[in-house]
Structure formats: C-alpha cells, structure tokens
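Heads up, the thing below is written out as structure tokens.
Residue numbers (the numbering used here): 129 to 595.
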C-alpha cells in the first residue's frame, strides 16, 4: 500500500471512530420556529417596524375608499418596501417570495403574503407621499439626537434608466427615417389609386400598411419636437454660460490690466445636433457619459446632500441633465426647513458656477467648491507652502473660492466631502446594488430615488441608534 493510500485509509478509520451531529430533515420540516428567537432586539427589521409605527400615514390612508375588499394596511406594505430597499431587494416579485422564505420579511408582513402586483401598485401609487415620509424620518433622527444639521456635502451619480440605449434614435437618423416613411406612404397612396391597373402582391393590405407607417411617423414627429425643445433649452443654458465666461475674461482683464491668454469662448450654435438622441421606452431619460467605462448609457442624474457628521441624506433631487452645474439649486431646495439650514456646503468642481453660488447665497449657506482638479502627488513645497495674502475685493469669484479652499477651515470642510457623500453613494450603488430604476419617466424615477434615500436613511439611522 502506498503512503498516500495509507493516509487516506487512516483518515477514514479516524472519522468512523468519531460521533457527528446530524440532522433529521423529515423531523426538521415539522419544527415550530418562533420569529422572536430569529430576530435579535437590534435587528433592522424590528427597527423598520417601530419607525413606521411612529410615522403619520394619514395621507396614505386617505387614498383608500370605503368599498371593496379588505386591503393590506399601508404600514405593512410600506415596511416591506423600506426593508427591501434597505437590504438591496428592489423587485416586487423577489419581495413577495421573501415573505415566504426570509424571516425578516415574514416578520414585517406578519405572516401575510402580499403578491407582487399589490406591492408594485402600492409603490407606484404612493410615490408622491414619500417626500413627506422622508422628512418625518429626518425629524425622528433629530429627536433621537443623531442628526444635527451643520455642514453638508453634495454630489451626484448616474443611475441607469429602465430603458435600453438600443431603443434610441439620433436626430440625424430620425430625419432619415422620417423622409423614408413619407416616401413609402406616397408610394402606397399611389398604389391604392391604381389597384385596378396593377397587381397587388399577395398579403399586402394597402390600408394597413399606410396606417402602420402613419403611426411610426406620429411617434417620430413627437420625438423630433422633444429633441428640438431640448436643443432650445440647451442653447439657452450654453448662451448663459458663454456670457458668464465673457464676463469673467473681462473682469480678469480689468483687474490685471492685461488681455487674458488662451482662446476666447466659442459662441453656442442653436438648433438640434445630429447626435442628439431620443429613447422610445423612457423618453425623459438621456444618454449620459459613464465615469467608469467611458461609455454612454440611458441614465438619470441623481443628487444627494449628506450631513457630514451623521452621513444621513438630508436632501435629494433627480434630473436628466448630463452635468451638475445646475443641480445645486434643486438639491438644496429639497432640504426640509423643519430640520434647519446647513451652515456650509462642500461641492466638487462640477458644481462651480453662478447658479450654485446664487443658490447657496440665497439660503445663507457658505459654499466650498473646488475650482479645478488638484494635482496628484504634490511636492512637499506645494503641500506646506504658506497661505498667500487674501485676494482683493474686486477679484473674481473663482480666485476668492480657490483662496478659501486653501485656508484651514476650507481644507477641513472640503476634505470631508470624499469621506461623507461619496461613501453614501458608494453604499447605495455597491452595497445595496441600486444601479437601475424600476420605473419609467422623470416623476416616477424621482419617486423611486426618494424611496432609495428614505430606505438608506432608515438603515443609517438604525446604525446610529444602536451604536
């Protein structure tokens, strides 16, 4: 017998001489399990149920009529949705299945099993009411002493729309298809007038073919109007940005007495561009450049304002704008007045501009906005260089902001941005796995983003409460 075979045989004999704990699976199926033994007192499912019980759900109950069958109580369905989104389950079918298979879901549902259609309808119906529930959860966090709004950080991220980029058409291709369809319709009309003189191919019904192309033409005309309206909106924004750049150059020339270097800004060209795209499955989504793979996807631009101390989301917004230059205003406006006004806000260079500065000034928030990218691995001379003299009063806003970020306070506030708002977005996309909306359209997607932020806050509130 070889040495290897001998060692294997010795192992078998040793295992036969020991006693192992086994399971009788036939008896295990008859075991009675107490849910209270499966969920510890500090479990998130218990916290969600307790939190929902403290919320004012009268706006949800107001939607129910006096007739019909016995519906599920709103707190049951709401609790299931909040726990599901807080644990990375976004499909109504998976939530339904979890009420049978997962202990936390079975506890929240109280051993009831709402079907996926009921859950999806509830989610879609009560999206507008989530805004008020978002505020109520923040107020609960304040009462518990885990939220004191002071300094916030803003950032945005691209979330995939429930639409395929392969169902999109460019403005150039749209014009080509429109011309082709109109030519085919004319040919079919000419054919219908000569039916008695020409043979019609088998299976061809001229009336149906014309109607089919007329329907496609109507959709193309609608898409064309949307793209041209977007182009007009873009031209207005680009014109404002162009004028702002001209004003900055004029101010720089006035303060320095020298003509600014570099090329002057190029005036915008009005009208739709050949590359502008319209998506037929979710027309309100836009093609946006991905920061991870340099590709383009049908996305929405999701924004969050995060309290730097508690890491709770205190404001959220959603748009279909490809960049963040105009996103500070709606995000700051979404911060509830009931929880107070932040004293300062840290934002990256994508927000810098007159719109962001005005939005902060209107609310009395001190902005700390990057004016450009910092160089990687600066020398020790750059890192420990003394703070220069303050810029003059007539200096540009960009020069003043750059100086403010070099102060000790500016470094502390802006330096906290990367360890506050960016981890929150990372948790939502990587830990929870929320990378695509389940609902289509701007209003529905915004409601779902509110649900995501609300669920994240409950999860974070639970961590802070039991810390």
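A virtual CB, placed ideally from N, CA and C, is assigned to each residue, including glycine.
Being a predicted model, the structure only gives us computed values, none of them experimental.
Would you mind reading off the limits of the alpha helix (DSSP H) that contains residue 338?
-> Element bounds for residue 338: 334 to 384.
Helix, strand or coil for residue 436, going by three-state DSSP, please let me know.
-> DSSP, read as helix, strand or coil, puts residue 436 in coil.
Whole alpha helix (DSSP H) elements within the stretch 457 to 486, 4-residue minimum = Runs found: none.
Alpha carbon to alpha carbon, how far is residue 496 from residue 477? Give it in angstroms, no decimals.
-> Straight-line Cα distance between these residues: approximately 10 Å.
Is it true that the CB of residue 231 sits closer than 8 Å to the CB of residue 166?
-> Yes. Within cutoff.
Look at residue 279 and residue 396 and say whether their C-beta atoms are less than 8 Å apart.
-> For residue 279 and residue 396, no; Cβs fall outside 8 Å.
Taking only the alpha-carbon atoms, compute the straight-line gap between residue 400 and residue 557 and give it to the nearest angstrom.
-> Rounded to the nearest whole angstrom, the C-alpha separation of residue 400 and residue 557 is 33 Å.
In angstroms, rounded to a whole number, what distance separates the CA positions of residue 521 and residue 366?
-> C-alpha separation (whole angstroms): 28 Å.
Same chain only: Cβ atoms within 6 Å of residue 264, ignoring 5 sequence neighbours per side = Only residues of its own chain outside the window of five on either side were considered, and among them 183 have a CB closer than 6 Å to the CB of residue 264, listed in chain order.
For residue 299 and chain C, any beta-carbon pair shorter than 8 Å?
-> Although the question refers to chain C, the structure presented lacks it and comprises just one protein chain.
Can residue 487 and residue 457 be called in contact, C-beta distance under 8 Å?
-> With respect to the 8 Å criterion, residue 487 and residue 457 are classified as neighbours on the basis of their beta carbons.
Going by DSSP, name the residue or residues bridged to residue 416.
-> Residue pairing by DSSP places residue 416 opposite 425 in a beta bridge.
What is the DSSP secondary structure of residue 202, counted as helix, strand or coil?
-> In the structure shown, residue 202 sits in a helix (DSSP, three-state: H, G or I).
Straight-line CA distance for residue 239 to residue 191?
-> Residue 191 has its alpha-carbon roughly 25 Å from the corresponding atom of residue 239.
Bridge partners of residue 288, per DSSP?
-> 427, 564.
Got a sec? Which residues, its chain only, sit under 8 Å from residue 358 by beta carbon, not counting five neighbours each side?
-> Cβ neighbours of residue 358 beyond the five flanking positions: 400, 404.
Does the stretch 539 to 546 come close enough to the stretch 156 to 176 to have 3 or more Cβ pairs within less than 8 Å?
-> Per the Cβ contact rule, the stretch 539 to 546 is not in contact with the stretch 156 to 176 (fewer than 3 Cβ pairs under 8 Å).
Does the stretch 529 to 536 come close enough to the stretch 258 to 276 to have 3 or more Cβ pairs within less than 8 Å?
-> Touching, no.
Measure the CB-CB distance between residue 292 and residue 409 and report whether it falls below 8 Å.
-> Yes. Within cutoff.
N- and C-terminal bounds of the beta strand (DSSP E) containing residue 442 = Annotation for residue 442: the continuous beta strand (DSSP E) segment containing it runs 441 to 447.
Is DSSP giving residue 405 helix, strand or coil here?
-> Residue state, collapsed to three classes: strand.
Exposed unless 16 or more other CB atoms sit within 10 angstroms - verdict on residue 484 = Result: buried.
CA-to-CA distance, residue 586 to residue 563, given in whole angstroms = So the alpha carbons of these two residues sit roughly 19 Å apart.
Test item: CB-CB of residue 316 and residue 338 under 8 Å = The Cβ-Cβ distance between residue 316 and residue 338 falls below 8 Å.
Strand pairing of residue 496, partner residues [DSSP] = Answer is 474.
Would you kindly check if the distance between the Cβ of residue 209 and the Cβ of residue 233 is under 8 Å?
-> When the beta-carbon positions are compared, residue 233 and residue 209 stay at least 8 Å from each other.
Proximity to residue 254 [Cα-Cα], best of 186, 514, 517 = Nearest option by C-alpha distance: 186.
Alpha carbon of residue 355 to alpha carbon of residue 394, nearest angstrom | Taking the CA atoms as reference points, residue 355 sits about 23 Å from residue 394.
Examine the Cβ distances between the stretch 576 to 595 and the stretch 432 to 444 and report whether three or more of them are shorter than 8 Å.
-> Counting Cβ pairs under 8 Å, three or more are found: they touch.
Helix, strand or coil: how does DSSP classify residue 157 here?
-> In the displayed model, residue 157 falls within coil according to three-state DSSP, outside both helix and strand.
Neighbourhood of residue 527 by C-beta distance below 8 Å, restricted to the same chain and skipping five residues each side | Setting aside the 5 residues that flank it on each side, residue 527 is surrounded in the same chain by 519, each with a C-beta closer than 8 Å to its C-beta; the list follows chain order.
Buried versus exposed call for residue 131 [16 or more other C-beta atoms within 10 Å across all chains shown] | Classification for residue 131: exposed.
With 16 other Cβ atoms within 10 Å as the buried cut-off, status of residue 535 = Counting the other CB atoms within 10 Å of its CB gives residue 535 a total below 16, which places it among the exposed residues.
May I have a chain-ordered list of the alpha helix (DSSP H) segments no shorter than 4 residues that lie completely inside the stretch 232 to 275?
-> The DSSP assignment places 244 to 253, 258 to 271 as complete runs of the alpha helix (DSSP H) inside the stretch 232 to 275, in order along the chain (cut-off: 4 residues).
What does a CB cutoff of less than 8 Å around residue 181 pick up in its chain, not counting 5 residues either side in sequence?
-> Same-chain partners within the cutoff: 203.
With a cut-off of 8 Å on the beta carbons, I'd call residue 235 and residue 163 a contact; round off their distance for me.
-> Right, their Cβ atoms sit about 5 Å apart.
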